[in-house]
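Accompanying notes for the structure given below.
There are 2 protein chains.
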Amino acid sequence: MPTRGQMARYKELRATLAREISAGRYKVGDRFPTDLELSARFRVSRHTVREAVRGLQELGLLSRQAGSGTVVRARSVEPLYTQRVDSLAELAEYAADTRLDRRQEGFVVVRQGLAELMGRPPGERWLRVAGIRRAVQGNFPLCWTEIFLAERYAGMRDRLDDGDVPIFNQVAREYGLDVTAVEQRISAIAMPPYLAEWLGAAPAEPALLVRRSYYSGAGAPFEVSLSVHPGDRYAYTARLTRDRKTENA
Amino acid sequence: MPTRGQMARYKELRATLAREISAGRYKVGDRFPTDLELSARFRVSRHTVREAVRGLQELGLLSRQAGSGTVVRARSVEPLYTQRVDSLAELAEYAADTRLDRRQEGFVVVRQGLAELMGRPPGERWLRVAGIRRAVQGNFPLCWTEIFLAERYAGMRDRLDDGDVPIFNQVAREYGLDVTAVEQRISAIAMPPYLAEWLGAAPAEPALLVRRSYYSGAGAPFEVSLSVHPGDRYAYTARLTRDRKTENA
DNA sequence: CGGCGGGCATTGTCCGGACATTTTGCGCTT
DNA sequence: AAGCGCAAAATGTCCGGACAATGCCCGCCG
């Protein structure tokens, strides 16, 4: 067959169907025509129809179910931005090259104030490990860190390594947990006086409080960490990129 | 053909090839066998090979190039976390329900200090619009915002709407820009005295400084915004989720 | 020696057909 | 009327083949 215009048939068909969905010919929730119907209507093989539909599926416009049929899921694709954090350790930014200088350790029952900081209800019991994170180079203090580990994983206590591997990672590995989500919260606070000295910072100077909650499956996080960074030594940076099969039009 | 074990051939093949890549039989950067070679080796049709390879491609293990061949791109899939920000306006959190109370406006040539805050070299000329962002409900001041617009797009100046739609969005729409990336930087500063009064905050109290740079294609951002949030009125929250086609094994 | 052009290898597109698998629902049986 | 089972419909998988489009390399020619 000679060159048609320029676009492949399945791309043309994909665009046509996307337009029809967008125009409202098929509404969200509606059944979408079957492969055979589209094949007949557009005079293309079922293979080509499937290729086109597959694309719309990946875009989230359609969903298919063997035996049941194809359903319209969305009217149009909204641009979607994602922050990619490969390996997750990147999130902690200074992952390697730092060391945890452990200062305090033990079980705590969290009360009102701390519970609020942790984003958990009061009364829960956690294993708390706190200390100063320092640069390996120069031993310079970077931040104060408090790590709260859910009681059932407290067995890790004596095997925690203060080196390169993040604590949550050690725990996840040891217990076979699958870290499915991490929530991060950043706020500004005044540097607490009792930390100022340790961090070599001025009391009450602006600081970043970073809370990270690590989830494995639904429900409560298995670890929560709180870090206080002096304002002049840290900034959190993220880059969001638009993320969609661009490909041809 | 009767039921083989249970898995579809292309899935079996996909798993086998993934294993071989992981085991190092094909190294990163190496040429991967041809469709025809695999077809012959595994006694399956080229269609089936392509289906399997397509999967490995989506996983990022392989990349193909018409005329050139298939190349190994990664040895294994590392878990990948993404923050999804649909519609991007979500990023600004209080997107709707707020209003910009414009206070200052005009061209500026940025000097050392401001340039550093903006993450740009000194000497550039930008259109600066600054003001207080308030909650529609109650007119309560939320933050001080400075928006810098690249000179080329300064024509928008008289058409800027202070309502729901973020400025960067208005500009992008007007000039047909494709916002491909947004970089966000969060740091802690002391509330500048001259802003404290306007925001109803205490001078020198901890505040969050949020910088967002909007990119359209490579090169310099077309807009940079700086916002100062009183520490007690704002926290930045993000949720990263693991994100991988689970499907069957 | 360098550039251009054509042939070859490789992936991309498309067809037609054949079963397999999954749902749904109708109709028969109890 | 309730339940079971099977047929029909829909998507999923797989084959074989054909040609198009794309890169790449090598050889010819200036």
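Just so you know, the sequences run in chain order X and D. Numbering follows this note's numbering, in which position 85 of the first sequence is assigned residue number 85; successive positions increment by one, without gaps. Numbering follows this note's numbering, in which position 26 of the second sequence is assigned residue number 26; successive positions increment by one, without gaps. Each residue gets a CB set at the ideal place from its N, CA and C atoms; glycine is no exception.
In DSSP terms, what residue i is bridged to
i: PHE107/D; result: LEU127/D
i: SER45/D; result: For SER45/D, which the question treats as bridged, DSSP gives no partner whatsoever.
i: GLN112/D; result: DSSP output for GLN112/D lists no bridge partner at all.
i: GLY231/X; result: DSSP, once it has assigned bridges, lists no residue as partnering GLY231/X.
i: ARG242/X; result: TYR81/X
i: SER76/X; result: Looking at the DSSP assignment, SER76/X forms no beta bridge with any residue, so it has no partner.
i: SER225/D; result: ILE147/D and ARG212/D
i: ASP101/D; result: ILE132/D
i: TYR236/D; result: ILE186/X
7 Å Cβ cutoff, residue i in contact with chain D
i: LEU59/X; result: no
i: LEU13/X; result: no
i: LEU149/X; result: no
i: SER225/X; result: no
i: VAL85/X; result: yes
i: VAL77/X; result: no
i: TYR215/X; result: no
i: TYR236/X; result: yes
i: ASN248/X; result: Only weak support is given to the placement of ASN248/X: the predicted model assigns it a pLDDT of 32, under 50, and the value that follows is read from those uncertain coordinates. It does not; no Cβ of chain D falls within 7 Å.
C-beta neighbour in chain X for residue i, strict 7 Å
i: ARG244/D; result: Confidence at ARG244/D is low in this model, with a pLDDT of 49, below 50, so its placement is unreliable and no value can be given for it.
i: LEU56/D; result: no
i: ARG239/D; result: yes
i: ALA207/D; result: yes
i: GLU174/D; result: no
i: TYR81/D; result: yes
i: SER187/D; result: yes
i: VAL182/D; result: yes
i: ALA52/D; result: no
i: ALA190/D; result: yes
i: GLY231/D; result: yes
Start-to-end residues for the beta strand (DSSP E) that takes in residue i
i: THR17/D; result: In the sequence as presented, Thr is not what sits at residue 17/D; that position holds Leu. Not the beta strand (DSSP E): LEU17/D falls in the alpha helix (DSSP H), residues 9–23.
i: ALA172/X; result: No beta strand (DSSP E) contains ALA172/X, which is instead part of the alpha helix (DSSP H) from 167–175.
i: VAL28/D; result: Counting along the chain, VAL28/D falls outside any beta strand (DSSP E), and DSSP gives it neither H nor E.
i: LEU265/D; result: The requested residue 265/D is not part of the displayed model; chain D covers only 1 to 249.
i: ALA190/X; result: 181–190
i: GLN65/X; result: 62–65
i: ARG141/D; result: One detail in the question is off: residue 141/D reads as Pro in this sequence, not Arg. 141–150 is the span of the beta strand (DSSP E), which, as asked, contains PRO141/D.
i: GLY69/D; result: 69–72
Contacts around residue i, its chain only, beta-carbon distance under 7 Å, and the 5 residues preceding and following it disregarded
i: PRO203/X; result: MET191, PRO193 and ALA196
i: VAL253/X; result: Lying outside 1 to 249, the shown extent of chain X, residue 253/X is not represented and no answer is given.
i: ASP162/D; result: ARG99, LEU100 and ARG102
i: ASP35/X; result: ARG46, VAL49 and ARG50
i: ALA115/X; result: PRO121 and PRO122
Range of the contiguous alpha helix (DSSP H) that encloses residue i
i: LEU195/X; result: 193–199
Close-in-space but distant-in-sequence residues of the same chain around residue i (CB under 8 Å, 5 per side omitted)
i: PRO2/X; result: For PRO2/X, the predicted structure reports a pLDDT of 38, less than 50, and the residue's modelled location is therefore unreliable. A value from the coordinates is still provided. If we look at PRO2/X and ignore the five residues flanking it on each side, it has no Cβ neighbours.
i: TRP254/X; result: There is simply no residue 254/X to check, as chain X begins at 1 and stops at 249 in what is shown.
i: ARG73/D; result: VAL28, GLY60, LEU61, LEU62 and SER63
i: SER216/X; result: ALA172, LEU177, ASP178, VAL179, THR180 and PHE222
i: GLN57/X; result: SER63 and ARG64
i: GLU20/D; result: TYR26
i: ARG41/D; result: PRO33
Contacting residues, own chain, Cβ-Cβ under 6 Å from residue i (five flanking each side not counted)
i: GLU105/X; result: VAL129
i: SER187/D; result: LEU209
i: ARG211/X; result: ARG185 and LEU226
i: ASP97/D; result: VAL136
i: SER213/X; result: GLU183, PRO221 and VAL224
i: PHE168/X; result: TYR214 and GLU223
i: GLU247/X; result: Bear in mind that a pLDDT of 34 at GLU247/X, under 50, signals an unreliable position, so the number given afterwards is only what the model happens to contain. Result list for GLU247/X: empty, nothing under 6 Å.
Distance cut-off 6 Å: residue i Cβ against heavy atoms of the ligand GDP
i: HIS47/D; result: Within the structure as shown, the ligand GDP is missing, as the structure has no ligands at all.
Mind the definition here: the segment 78–87 of chain X touches the segment 113–121 of chain X only if three or more C-beta pairs lie below 8 Å; say whether that holds.
Inter-segment contact for the segment 78–87 of chain X and the segment 113–121 of chain X is absent: fewer than three beta-carbon pairs are separated by less than 8 Å.
Does the segment 7–14 of chain D come close enough to the segment 233–242 of chain X that 3 or more CB-CB pairs lie under 8 Å?
No, because fewer than three Cβ pairs between the segment 233–242 of chain X and the segment 7–14 of chain D fall closer than 8 Å, the two stretches do not touch.
Three Cβ pairs or more, each shorter than 8 Å: is that satisfied between the segment 144–152 of chain X and the segment 12–27 of chain D?
Three or more Cβ pairs closer than 8 Å define a contact, and the segment 144–152 of chain X falls short of that threshold against the segment 12–27 of chain D.
Evaluate contact between the segment 168–184 of chain D and the segment 214–225 of chain X, counting only Cβ atoms and requiring at least three cross-stretch pairs below 8 Å.
Contact between the segment 168–184 of chain D and the segment 214–225 of chain X is absent, with fewer than three C-beta pairs closer than 8 Å.
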